[in-house]
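Here's the structure, in structure tokens; my notes come after.
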Amino acid sequence: MDYFWIFSAETWTLLLLFTSLLLLYGYWPYKYFVKLGIPGPKPLPLFGTMLEYRKGFHAFDMECYRKYGKIWGIFDGREPVLSIADQTIVKSILVKECYTYFTNRRDVGLNGELYDALFVTKDEDWKRIRNHLSPSFTSGRLKEMFGIMKTHTNTLVKNLEKSSKNTEGVAVKEVFGAYSMDVITSTAFSVDIDSMNNPKDPFVTNIKKMLDIDFLSPIFIIAMVFPFALPLLENMKISFFPQSVSDFFLGSLKKIKTEREAKNHKGYAHLIASLSDHEILSQSMSFIFAGYETSSSTLSFFFYNIATNPETMKKLQQEIDQTFPNKTPVNYDAVMNMEYLEAALNESMRLFPVVARLERVCKETIEINGLTIPQGTSIMIPVFPLHRDPEYWSDPSTFNPERFTKGNKENVDPYVYMPFGSGPRNCIGMRFALLAMKLAIVEILQRFDVINPDPNQVPLKLGIHPFLSPKYPIKLKFIPRANSSSGEPNNNQVKS
8 MDYFWIFSAE TWTLLLLFTS LLLLYGYWPY KYFVKLGIPG PKPLPLFGTM LEYRKGFHAF
68 DMECYRKYGK IWGIFDGREP VLSIADQTIV KSILVKECYT YFTNRRDVGL NGELYDALFV
128 TKDEDWKRIR NHLSPSFTSG RLKEMFGIMK THTNTLVKNL EKSSKNTEGV AVKEVFGAYS
188 MDVITSTAFS VDIDSMNNPK DPFVTNIKKM LDIDFLSPIF IIAMVFPFAL PLLENMKISF
248 FPQSVSDFFL GSLKKIKTER EAKNHKGYAH LIASLSDHEI LSQSMSFIFA GYETSSSTLS
308 FFFYNIATNP ETMKKLQQEI DQTFPNKTPV NYDAVMNMEY LEAALNESMR LFPVVARLER
368 VCKETIEING LTIPQGTSIM IPVFPLHRDP EYWSDPSTFN PERFTKGNKE NVDPYVYMPF
428 GSGPRNCIGM RFALLAMKLA IVEILQRFDV INPDPNQVPL KLGIHPFLSP KYPIKLKFIP
488 RANSSSGEPN NNQVKS
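For the sequence shown, counting from 1, position 108 maps to 115 in our numbering; every step adds exactly one.
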């Protein structure tokens with residue numbers, strides 16, 4: 008039987024027209040970089056190069072960097088993304104032309120209640136909100152927060168003491184995740200929770216729901232492949248962030264704000280009180296979203312690095328023992344002036360930058376160093392490949408804190424090493440995150456040696472997510488130190 012005649016001529020015409028339009032829609036954007044003379048991997052119809060992310064975002068970026076050099080083009084669905092690793096051009100994008108020609112990262116939509124968060128807003132709204140948030144992270148404010156952080160490091164140490172008898176080691180992301188969550192919720196929401204021991208606390212469960220985002224989920228792919236559907240999805244209240252989570256935090260914030268006003272309490276909420284209630288909600292939620300994952304993962308990578316490099320651990324413990332002899336209570340000024348601690352943490356963030364990509368959007372066509380960047384182009388700066396490039400780092404896969412010690416750190420190019428971004432739009436919470444992480448490191452290494460119980464963890468295999476993370480949970484053993492050297496006070500120690 009001839010199936011061709013089952014359908015009428017009109018039906019076949021419509022089917023042919025639909026197929027033609029679909030192919031046109033699927034292929035039309037992909038001449039973008041060809042016209043600009045920019046190389047890159049061949050995109051697939053509709054999906055572009057997105058399916059390559061199944062290798063891992065960092066792995067795909069490294070592959071392109073090795074194959075195409077400093078500049079290449081990729082496609083997130085139909086969206087062209089210009090990847091730039093030339094430090095001269097990077098400096099122009101992040102600093103010199105930061106305000107005039109470039110704005111924040113692209114907004115793919117479906118932000119739900121975070122539509123006015125700092126990482127979504129642009130231009131004047133972004134400046135206004137950033138200016139209101141900046142006083143929250145001054146040295147004076149951080150010193151005020153230091154006591155709160157120390158309370159949570161005490162809990163962290165107690166949790167590690169409980170786990171020290173575990174012969175298989177402890178999954179460090181769980182421990183440092185709990186610490187990060189407690190520090191952030193106590194400063195952003197004025198809520199004290201022991202999330203390690205209270206995993207069913209509403210703040211804990213709702214934060215974990217908010218962080219459970221799959222960047223290769225059907226919703227994300229639809230947003231990239233069919234961007235014209237975004238208004239419909241937003242009208243249907245579809246978001247990357249569950250509405251129930253937003254409702255919970257909005258209700259909690261209103262309650263906290265009312266209680267603070269009644270007590271005339273001046274804290275984080277007071278400093279940003281000139282923002283609307285909804286803007287405060289968005290900034291607090293984005294503070295959690297950005298801070299929890301990055302800080303806990305950075306600490307996990309750091310302790311993996313020193314556990315697999317015991318000579319670095321011993322050298323760091325010597326600095327800690329000299330700065331705080333006989334387990335002298337840790338203080339803000341001394342922690343922030345510890346040189347080898349700074350070097351070791353910087354080197355760990357070089358090897359494993361949790362934020363492995365930076366993004367901007369070009370507001371107006373510009374030519375930089377011979378490269379024409381058309382208006383509306385999304386820019387991606389691949390941090391991970393820059394941090395592993397032998398052109399800038401000798402033996403780049405080796406953990407070597409000496410790269411960042413005095414006499415060497417001056418040679419580090421700030422547009423090659425960017426764990427917190429660079430320029431006016433760098434991470435606003437950078438100093439807060441560094442303080443919380445350094446305090447945790449000092450308090451732990453004062454009391455424990457860290458051991459890798461599983462040789463199969465070396466070398467570390469990485470996962471596929473946009474935020475750099477290990478493929479499998481890192482497990483380490485924390486062994487109480489027999490006793491720490493009393494040491495002689497060094498110049499960094501601040502005497503009371």
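We put the CB at the ideal spot given by N, CA and C, even for glycine.
Predicted model, so just to flag it, every value in this text is computed and none were measured.
Inter-residue Cα distance where the pair is residue i and residue j
i	j	result
CYS434	ASN138	13 Å
ASP201	LYS207	10 Å
LEU31	LEU24	10 Å
GLU409	GLU417	12 Å
PRO336	VAL342	11 Å
GLN94	TYR37	26 Å
THR192	SER307	20 Å
GLY76	TYR424	18 Å
ARG112	ASN353	25 Å
GLU300	THR20	52 Å
GLY47	MET69	13 Å
HIS65	MET356	14 Å
ILE81	PRO142	38 Å
LYS180	PHE359	14 Å
PHE411	GLY377	33 Å
PRO317	ARG438	27 Å
MET320	ILE220	34 Å
PRO426	ILE388	12 Å
LYS468	PHE406	15 Å
ILE7	LEU58	For residue 7 there is no data in the structure shown, the boundaries of the chain being 8 and 503.
PHE109	ILE155	38 Å
Cutoff 8 Å: residue i Cβ touching any chain B Cβ
i	result
ASN111	This model lacks chain B altogether, as it is built from one protein chain only.
Pick from the options that is closest to residue i, judged by C-alpha positions
i	options	result
ASP199	ASN407, LEU218, GLN94 and HIS159	HIS159
THR174	VAL115, LEU483 and ARG488	LEU483
SER289	SER259, GLU266 and PHE310	SER259
LEU51	ARG73, TRP79 and ARG85	ARG85
TYR39	MET188, SER385, VAL252 and TYR122	SER385
LYS244	GLU120, ILE327, TYR311 and MET188	GLU120
ILE481	PRO431, LEU140, ALA314 and VAL127	ALA314
ALA195	ALA297, ALA351 and GLY176	ALA297
PRO397	TYR72, MET57, HIS65 and LYS49	TYR72
GLN453	VAL361, VAL164 and PHE233	VAL164
THR225	VAL177, PRO332, PHE54 and SER293	According to the sequence provided, residue 225 is Pro. The question's Thr does not apply to it. The option with the nearest alpha carbon to PRO225 is PHE54.
HIS394	LYS370, ALA178, PHE310 and VAL362	VAL362
SER302	VAL449, SER146, PRO477 and ALA440	ALA440
PRO209	ASP254, ILE45, ALA178 and ALA236	ASP254
GLN250	VAL102, ASP461, ILE91 and TYR122	TYR122
Identified DSSP bridge partners for residue i
i	result
MET387	SER90 and GLU366
GLY55	LEU51 and ASP83
LEU469	PRO477
PRO408	According to DSSP, PRO408 bridges with nothing at all.
THR305	For THR305, which the question treats as bridged, DSSP gives no partner whatsoever.
THR110	VAL368
Assigned secondary structure, residue i (DSSP; H/G/I helix, E/B strand, else coil)
i	result
ALA236	helix
ILE373	strand
ALA440	helix
ASP132	helix
LEU282	coil
ILE1	As shown, the chain starts at 8 and ends at 503. That puts residue 1 outside it, with no answer to give.
LEU378	strand
GLY298	helix
SER503	In this prediction, SER503 has a pLDDT of 33, which is less than 50 and means its spatial position is unreliable; what the coordinates show is noted afterwards. Of the three classes helix, strand and coil, the one that applies to SER503 here is coil, per DSSP.
PRO403	coil
PHE427	coil
THR335	coil
Where the beta strand (DSSP E) containing residue i begins and where it ends
i	result
PHE126	Here PHE126 belongs to no beta strand (DSSP E), and DSSP marks it neither H nor E.
MET80	Looking at the sequence itself, residue 80 is Gly, so the reference to Met does not match. That run of the beta strand (DSSP E) goes 78-83.
VAL190	Not the beta strand (DSSP E): VAL190 falls in the alpha helix (DSSP H), residues 179-195.
LEU483	482-487
PHE455	455-458
Residue i: first and last residue of the uninterrupted alpha helix (DSSP H) it sits in
i	result
PHE248	Note, PHE248: premise wrong, no alpha helix (DSSP H); not H, not E.
PHE144	No alpha helix (DSSP H) holds PHE144; DSSP gives it neither H nor E.
ARG357	346-358
GLU326	317-330
PRO209	209-218
VAL342	339-343
LYS41	Note that residue 41 is Val in the sequence shown here, rather than Lys. Note, VAL41: alpha helix (DSSP H), 39-43.
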